[in-house]
Structures are given as structure tokens and as C-alpha cells.
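Everything in the sequence shown is counted per the UniProt record's numbering, starting at 1 for the first residue and increasing by one.
Comments concern the structure below.
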Amino acid sequence: MLLVGVVEVWLSCLKSSCTTDPYFIQQMQKFILLLVIIGTSLSASAQVKWKLIAEEEQIRIFSSAVPESKIKAIKVDCVVDASLAQMVSLVLDVEAGTEWVYKTKSCTLVRRVSPTDLYYHSEISLPWPLDNRDFVAHLVARQDPATKAVTIDGPVVGGMVPKKKNVVRVSDSKGRWVLTPIAGKVRIEYMLHTDPGGYLPAWAVNAFAAEGPMETFKSMKQQLKLPKYRNASLTFIAN
């Protein structure tokens, strides 16, 4: 779920429809840039320098500089004892995000285009005196018929849900899940670049970026044990 990472970065740092609208085009250009970064990081000739910043319970978290941004990108890498259907079911079950995504106050389905394409709204709790953050994200899942790997992209989008008073709307965030089947398990690579906006300095976001993702992925492993995910079967996903 895309904003797994959004949640984590915000809260951790606190502890120390197409359009020709120019804004939309600018955000799409940033999203494409992140996908280029993600793509090269997965290739043998990767130019992106991922630095390991935390490791617990076989969950590894990396960070990397992003051109034209003071906020670093984050990558989470781990292997879970689950099927692709289990993982995809969990990520697309957005309304259950309050159960495992760190400090998520609410998570609501806005529009379901298809079983693999949806929009959702989420609000993240921040301690006083800071304002909560919220966002609308667009999740799209695709499976490679040859490798069976599943990619779920989740950039934030504008509009769809009215802005709330005293809540900062996140306008710059792009994330991607890459789920690869390996010997009866699934390797997860989750990559995110997000600017939480408001009065959160980049140095603080970067310095404490690992804590939130770590807690979220620990909770995710427990969430996968629930019957509704453990017994999941999806017609659009081949395990």
C-alpha cells in the first residue's frame, strides 16, 4: 500500500480522469522520474546508490538520493512466507490499512475501477501541535505473465476528496510494490519517494525515515496470518 511509506516517514521524523493541468503534468513528470530510479535500481547496471540504514527481523531498509529533491527515496526489502495472492489481497484491501500501517487514522475506498485498479483516501495522525496529513492514492496492480512478478504502483492524485481544515494534503508522493515469487514465498521490494509537506524539514525526514517503515512491515507480517489473507485466492493473480 502506497502510503505505507508516507505514514512511516512522517511519523518517524516527528520523534526527534486525465487532465492537461500544468500541476498534474508536473506531478506525472516527477512520478516518471521515480519509476526510472526504481527501474534502474532493480537492474544489474543500477546507477542509484541504495544505502542500508536499518535491518531487523530480516527486513532491510535502504535510502537513496533523488535528483532535484532534498527528500531521499526509501526502499524496503524482505521475504515473507506467503503467496502472491495473499500479498496482493493485503495491499489492495485498503480499508484495513488502519490495522497495520503505522499511525493511520482512517483509510477509505474512494472508487474501485476494477479488481486491480482503485483510489483510496487516508489520513495520518501526527502529534500536536503538527497538523495531520492526508492523501488520495491511485493503486494499479499488474502481473508479468512470464515471470509472475506483480507490480503495484500508487502515486497520490489531486482532487476526488475535499480538503479538510487543519489537515495538510500531500501532493507529492510516488510508491511502488514489486512482489516476486521465490520458492513458495514472496520477495517484497517497496520503494517510495514522498514529501510530507508542511513544516517538516528534509533533514529530519531523512534522518528518521527507517523507523516507520520497519514498524509497518513488522505489522504487515502479522496481518498476513489472518484467515482472510492466508486463504486468499484471486482470479487475476497466478501464484
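Ideal Cβ placement from N, Cα and C applies to all residues, glycine included.
* **DSSP bridge partner residues for residue 143 (one or two, in chain order)** => 150.
* Among residues of its own chain, excluding the 5 on either side of residue 131, which ones have a beta-carbon nearer than 8 Å to its beta-carbon? -> Only residues of its own chain outside the window of five on either side were considered, and among them 166, 167, 168 and 198 have a CB closer than 8 Å to the CB of residue 131, listed in chain order.
* To do: Assess, as a yes-or-no matter, whether the segment 93 to 110 is touched by the segment 198 to 209 under the definition of 3 or more beta carbon pairs within less than 8 Å.
  => Under the three-pair Cβ rule at 8 Å, the segment 198 to 209 does not count as touching the segment 93 to 110.
* Could you check the C-alpha separation between residue 139 and residue 153 for me, to the nearest Å? => Cα to Cα, residue 139 sits roughly 6 Å from residue 153.
* Find out if the Cβ-Cβ distance for the pair residue 179, residue 186 is shorter than 8 Å. => Yes, the pair counts as a contact, with Cβ atoms nearer than the cut-off.
* To do: Identify which residue in 60, 221, 159 and 91 has its Cα closest to the Cα of residue 117.
  => Nearest C-alpha to residue 117: 91.
* Classify residue 233 as helix, strand or coil using the three-state DSSP reduction. => The DSSP-derived three-state label of residue 233 is coil.
* To do: Indicate whether residue 136 and residue 161 have their beta-carbon atoms separated by less than 8 Å.
  => Residue 136 places its beta carbon less than 8 Å from that of residue 161.
* Who are the near neighbours of residue 159 in its chain, counting only those whose CB is closer than 8 Å to its CB and skipping five residues on each side? -> Excluding positions up to five away in sequence, the list reads 136.
* **Buried or exposed by the 16-neighbour rule on C-beta atoms within 10 Å, applied to residue 75** => By the neighbour-count criterion, in which a residue is buried when 16 or more other Cβ atoms sit within 10 angstroms of its Cβ, residue 75 is buried.
* Can you tell which of 142, 196, 175 and 96 has its C-alpha closest to the C-alpha of residue 126? -> Nearest of 142, 196, 175 and 96 to residue 126, Cα basis: 196.
* Nearest CA to the CA of residue 60: which residue from 50, 68, 67 and 66? -> The candidate whose alpha carbon is nearest that of residue 60 is 50.
* To do: Just mark residue 142 as buried or exposed, buried being the case when its beta carbon has 16 or more other beta carbons within 10 Å.
  => The residue in question, residue 142, is exposed, as its Cβ has fewer than 16 Cβ neighbours within 10 Å.
* Using beta-carbon positions only, say whether residue 80 and residue 192 come within less than 8 Å of one another. => No, the pair does not count as a contact, with Cβ atoms beyond the cut-off.
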